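Accompanying notes for the structure given below.
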Ligand code: HAM
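Residue numbers (our numbering): 307 to 748.
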C-alpha cells in the first residue's frame, strides 16, 4: 500500500498509547502553576507577523530564519507562533487584563513552530508549557518564577537538572555593552557568518547565540554583560541570588546566557538536563520589562518561562519514569445474536452516563473474536449476553484478572455493582501505595 503522504519532517504524532503521558505532564504542570496563582490562557496558533518581528526581534535567528510565515488569501502576512510570550502579551493588552489587580499570572500549554534543523529534542512543531507574570518588578518575583519552574519539574519527578542564571541588564547598561561587543566583533568581522555580519551594527548581542560553530567560537571569548551592569541592574541581580539562596535553590552564574529572543531584560535563566544530550535546555525564561511598551502598551514589568514538552518527555523516559496507568475499559459486553447485542448497547450507554467506561460489539464479530478484543483492550470485566441471559435477566460479570465470576442482574443495579468494584480497586491501590511508602521509609 502506498500512502499518498507522511507526516512533515520535524513533526510528531502522538499515538493513543502515549497520549495519557502528555495529558499527565500538561495537567501536572498546570496544577502546579495553579498553586502559584496562575490561570490558563489559550491564544491562536497564528498571529500577524509583525507581532513576532517587534517582540522576538528582527535580528534574532527565530525571526530571520525560523518562522513559518505566509500571506493569507487576503494578502496579510501571517506567522505560526514560534513561542508563547508574544501572543500572551498581545492577549493581555488587547483585553485590558493589565487593568486588573496586579500581578496578573497566566499559564499555557501550546504548540510552537520553528523551521529548525530537526534532531533529537529539536522539532519544527513542538510544544511548550509556559507561564507569564505581569506587574511584578521585585527580584522576589524572579526567584518565585524560578521556584515555580523547579516545582513543576519536582512534581513530575524530573532529576538531574541544574539552574543557570544571568542578568542581561537594561537598555541603559546595554548601550555600553553593545559598544564593547561591536569593538570586539569588528576585529573578527571577516570570519563571522553573513547573518552575523549584518547583526554587527544592528544588534551585536545576537551574534552571541548564533548556532554557526565559527561564530560560537568567537562569541565564547566576547566581553560579558555582567561586567557592564548599571547599579540598579546589579542590585536587582544580587537580590535575585539572595532570594534563591534563601529558598535553598542551588544555581550557577553563567554570564554567557543571553537567550535567543530580544525582549529580555535583567534576569534570564535556563534549566539544563544531564540526560538530554545536545539539546539539553529543558526550560528557558526571564524578565522582559520593556515588551509591553514595545507593543504599544503601558510600562509593565513582566517575566516568565517556557519548557519544551517533548524534551520533558524524553528526560522522563530516559529516567524510566512511571506514568499513571493509562485508562482502560471497565467492562466489555460480549453478545450473541441481534437481540442480545441491542440489550448490551443499551446497558453500555447506561453505564457510560454514570461515568463507567463500557464497550460492546459494533462490528458484528462472533463471540470468540469479541472476547479476544476484550483481552486486547485490557477490559477489567466482561459480561456475556445470549438468549439464556436475556430470558433470565441475569449474567456473569467476569473479573478478567482473577477469573472470578459474580452473578449480576442485567438492569440498572449493574451500575452500583461496577461502581463499588471501582471503589474497592481504588482502596486496594491506595493501601498498596501506603505500604510501599512505609517500606521505603523503613
Ligand atoms: P525558548 O528558550 O526559545 O524560550 O524556548 C523554551 C523551551 O522550548 C526550550 O528550553 C526548549 O525546551 C523548547 N524548545 C525550543 N525550541 C524547540 C524546538 N525546536 N524543538 C523542541 N523544543 C524546543 C521561549 O520560547 C520563551 N517564550 C520562554 C519565555 C516565556 N520567556 C519568558 N516567558
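Virtual Cβ for every residue (Gly too), placed ideally from N, Cα, C. Bear in mind that the values here come from a model prediction, so they are computed numbers and not experimental data.
(message) On the DSSP letters alone, give me the boundaries of the beta strand (DSSP E) that residue 470 sits inside.
(response) Along the chain shown, one-based indexing puts residue 470 at 164. Element bounds for residue 470: 467–473.
(request) Let me know if residue 325 comes out buried or exposed under the rule of 16 or more other beta-carbons within 10 Å of its beta-carbon. (result) Within the chain shown, the letter at position 19 stands for residue 325. It counts as exposed.
(message) Between which two residues does the beta strand (DSSP E) holding residue 693 run?
(response) Taking the chain shown and counting its residues from 1, the one referred to as residue 693 is at position 387. Unbroken run through residue 693 is the alpha helix (DSSP H), 693–698; no beta strand (DSSP E).
(message) With three or more beta-carbon pairs closer than 8 Å as the criterion, would you say the region 544–564 touches the region 429–437?
(response) no
(request) For the region 335–350 and the region 371–385, state whether three or more C-beta atom pairs, one from each stretch, are separated by less than 8 Å. (result) no
(message) I need the boundaries of the beta strand (DSSP E) containing residue 435, first residue and last residue.
(response) Here residue 435 refers to the residue found at position 129 of the chain shown. Element bounds for residue 435: 431–440.
(message) Following a CB-centred definition, is residue 391 positioned closer than 7 Å to any heavy atom of ligand 1?
(response) Against the chain shown, residue 391 aligns to sequence position 85. Answer for residue 391: yes, Cβ within range of ligand 1.
(message) Suppose the cutoff is 7 Å on Cβ atoms and the five residues either side in sequence are ignored; what does the same chain contact list for residue 630 look like?
(response) Your numbering for residue 630 matches position 324 in the chain shown. So the list reads 330, once near-sequence residues are dropped.
(message) Under DSSP, the alpha helix (DSSP H) around residue 504 begins and ends at which residues?
(response) Walking along the chain shown from the start, residue 504 turns up at place 198. Here the alpha helix (DSSP H) through residue 504 covers 500–508.
(message) Please determine whether the Cβ atom of residue 428 lies at a distance below 7 Å from any heavy atom of ligand 1.
(response) Counted from its first residue, the chain shown places residue 428 at position 122. Residue 428 Cβ: within cutoff of ligand 1.
(request) Could you check the C-alpha separation between residue 731 and residue 322 for me, to the nearest Å? (result) For the purposes of this step, residue 731 is identified with residue 425 of the chain shown, where counting begins at 1. For the purposes of this step, residue 322 is identified with residue 16 of the chain shown, where counting begins at 1. The alpha-carbon atoms of residue 731 and residue 322 are separated by roughly 24 Å.
(request) Classify residue 462 as helix, strand or coil using the three-state DSSP reduction. (result) Along the chain shown, read from residue 1 onward, the residue named residue 462 stands at position 156. If DSSP states are grouped into helix, strand and coil, residue 462 belongs with coil.
(message) Within 10 Å of its beta-carbon, does residue 708 have 16 or more other beta-carbons around it, so buried, or fewer, so exposed?
(response) The residue labelled residue 708 in the question sits at position 402 within the chain shown. Exposed.
(request) Confirm, please, whether the CB-CB distance from residue 606 to residue 402 is below 8 Å. (result) Reading the chain shown from its first residue, position 96 is the one you call residue 402. Reading the chain shown from its first residue, position 300 is the one you call residue 606. No, the pair does not count as a contact, with Cβ atoms beyond the cut-off.
(message) When you compare the CB positions of residue 506 and residue 486, do they come within less than 8 Å of one another, or not?
(response) Position 200 of the chain shown, counted from the first residue, corresponds to residue 506. Position 180 of the chain shown, counted from the first residue, corresponds to residue 486. Their beta carbons are not under 8 Å apart, which means residue 506 does not touch residue 486 by this criterion.
(request) May I ask you to report which of helix, strand or coil DSSP gives residue 562? (result) For the purposes of this step, residue 562 is taken as the residue at position 256 of the chain shown. DSSP places residue 562 in coil when its eight states are reduced to three.
(request) Thinking residue 666 and residue 650 are a contact (beta carbons under 8 Å), I'd like their distance in whole angstroms, please. (result) Counting from 1 along the chain shown, the entry for residue 666 is found at position 360. Counting from 1 along the chain shown, the entry for residue 650 is found at position 344. Correct: roughly 4 Å between the Cβ atoms.
(message) Given this structure, state the Cα-to-Cα distance separating residue 538 from residue 517, to the nearest angstrom.
(response) Against the chain shown, residue 538 aligns to sequence position 232. Against the chain shown, residue 517 aligns to sequence position 211. Cα-Cα distance, rounded: 32 Å.
(request) Can you have a look at residue 358 and say buried or exposed, based on whether 16 or more other CB atoms are within 10 angstroms of its CB? (result) What you label residue 358 is simply residue 52 of the chain shown in a count that begins at 1. Result: buried.
(request) Examine ligand 1 and report whether any of its heavy atoms sits within less than 7 Å of the Cβ of residue 434. (result) Position 128 of the chain shown, counted from the first residue, corresponds to residue 434. Checking the Cβ of residue 434 against ligand 1 gives yes.
(message) Runs of 3 residues minimum, wholly inside the region 593–618: which ones carry the beta strand (DSSP E) assignment?
(response) 608–614
(request) Could you give the DSSP three-state label for residue 719: helix, strand or coil? (result) In the chain shown, residue 719 corresponds to position 413, counting from 1. Residue 719 falls in the helix class under three-state DSSP.
(request) Let me know the secondary structure DSSP gives residue 589 once reduced to three states. (result) Locating residue 589 in the chain shown gives position 283, where the first residue counts as 1. Residue 589 falls in the strand class under three-state DSSP.
(request) Return the CA-CA distance between residue 415 and residue 391, expressed in angstroms with no decimal places. (result) Position 109 of the chain shown, counting from 1, holds the residue named residue 415. Position 85 of the chain shown, counting from 1, holds the residue named residue 391. Taking the straight line joining both Cα atoms gives about 12 Å.
(request) Could you name the residues of the same chain whose beta carbon sits closer than 7 Å to that of residue 619, not counting the 5 residues immediately before and after it, in chain order? (result) For the purposes of this step, residue 619 is taken as the residue at position 313 of the chain shown. Excluding positions up to five away in sequence, the list reads 327, 331.
(message) Strictly by DSSP, which residues pair up with residue 354?
(response) In the chain shown, residue 354 corresponds to position 48, counting from 1. Looking at the DSSP assignment, residue 354 forms a beta bridge with 384.
(message) So for residue 713, helix, strand or coil by DSSP?
(response) Taking the first residue of the chain shown as 1, we reach residue 713 at position 407. In the structure shown, residue 713 sits in a strand (DSSP, three-state: E or B).
(request) Give the secondary structure of residue 527 by DSSP, where H, G and I count as helix, E and B as strand, and everything else as coil. (result) Counting from 1 along the chain shown, the entry for residue 527 is found at position 221. The answer is coil: DSSP assigns residue 527 none of H, G, I, E or B.
(message) Tell me the residue span of the alpha helix (DSSP H) that contains residue 490.
(response) Residue mapping note: residue 490 aligns to position 184 of the chain shown, counting from 1. It spans 477–492 - the alpha helix (DSSP H) in which residue 490 sits, taken as one unbroken run.
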